[in-house]
Structures are given as structure tokens and as C-alpha cells.
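For the sequence shown, this note's numbering assigns the number 127 to the last residue and increments by one with no breaks.
Every residue gets a Cβ at the ideal spot worked out from N, C-alpha and C, and that includes glycine.
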Amino acid sequence: MGVAAPVTMDSFERLLWWLFAGSAGARTRALVLLSIRKEPRNAQQLSLALQLDYTTVRHHLRVLESNRLVLTEGGNYGKVYFVSENMETHWDKLETILKRNKGMKNGGGDNP
16 MGVAAPVTMD SFERLLWWLF AGSAGARTRA LVLLSIRKEP RNAQQLSLAL QLDYTTVRHH
76 LRVLESNRLV LTEGGNYGKV YFVSENMETH WDKLETILKR NKGMKNGGGD NP
């Protein structure tokens, strides 16, 4: 019987676990990020598309932007959000996290 190789996790993957499984608002952040990946939008468009309060959407966009999961283009008003290249590179890890936490009550919470 062989010894199992240790599972390693890079810092970006740890960040994804924290943002999408281990903190309040994980479910809402996932919805925002998935929506941006499908179609880059501004905060108002995201708010309408996801039927979420504008201030809640803005909060989660700030969290995603400060952690470099999304990038922006344009000025303050109407700023359009895009999924960052680093996030795209790690998308499979995000999907794994989301699948594992699908059964979690409220997806980790929805509060900003």
C-alpha cells in the first residue's frame, strides 16, 4: 500500500474557498460572478438581471474586484465588469467548490 500524495492548494484556490464556501454572501457572490461571465454588465444591469438590491450587488462587486476576480472597464457610472483572466484560469476550481457546497443551506448566506 502506497502513501497518498498530499493535496496542495494554491493561494488563489484558498481565496475561492473562502469567498464561495466559507463566508457570508457566498451564494450571492457566485450568482454575480456567473452572470458576469455569461455577459459583462454594469452594477445596475446585474441588479435587474439577478433581481437583487443594487447596494447588495455593488457590495459583492467590490469584494470580487478587490480580490481580483473581476476587472472593470469604463468610468464610475456604468462601469462594466468582466471576469479576470486569473479567475478564468481557475474556473474549474470554482465549479468544484460550488458543486460541493450546493447542498449547503443558503449557499453560505446571502448577507452583504
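- Two segments are said to touch when three or more pairs of C-beta atoms, one from each, lie closer than 8 Å; by this definition the region 44-60 touches the region 89-109.
- Within a 10 Å sphere around the beta-carbon of threonine 70 sit fewer than 16 other beta-carbons, which makes this residue exposed.
- Less than 8 Å divides the Cβ of arginine 56 from the Cβ of alanine 64.
- Looking only at Ala45, Ser38 and Ser26, the smallest Cα-Cα distance to lysine 114 is reached by Ala45.
- Counting along the chain, leucine 30 sits inside the alpha helix (DSSP H) bounded by residues 26-35.
- Shortest Cα-Cα distance from tyrosine 96 to any of Trp32, Leu48 and Leu34 involves Leu48.
- Rounded to whole angstroms, the gap between the alpha carbons of serine 62 and glycine 37 is 24 Å.
- Looking at the backbone, the Cα of glutamate 100 and that of serine 81 are separated by about 15 Å.
- In the structure shown, the three-state DSSP call for leucine 86 is strand.
- When beta bridges are read from the DSSP output, valine 98 appears opposite Val85.
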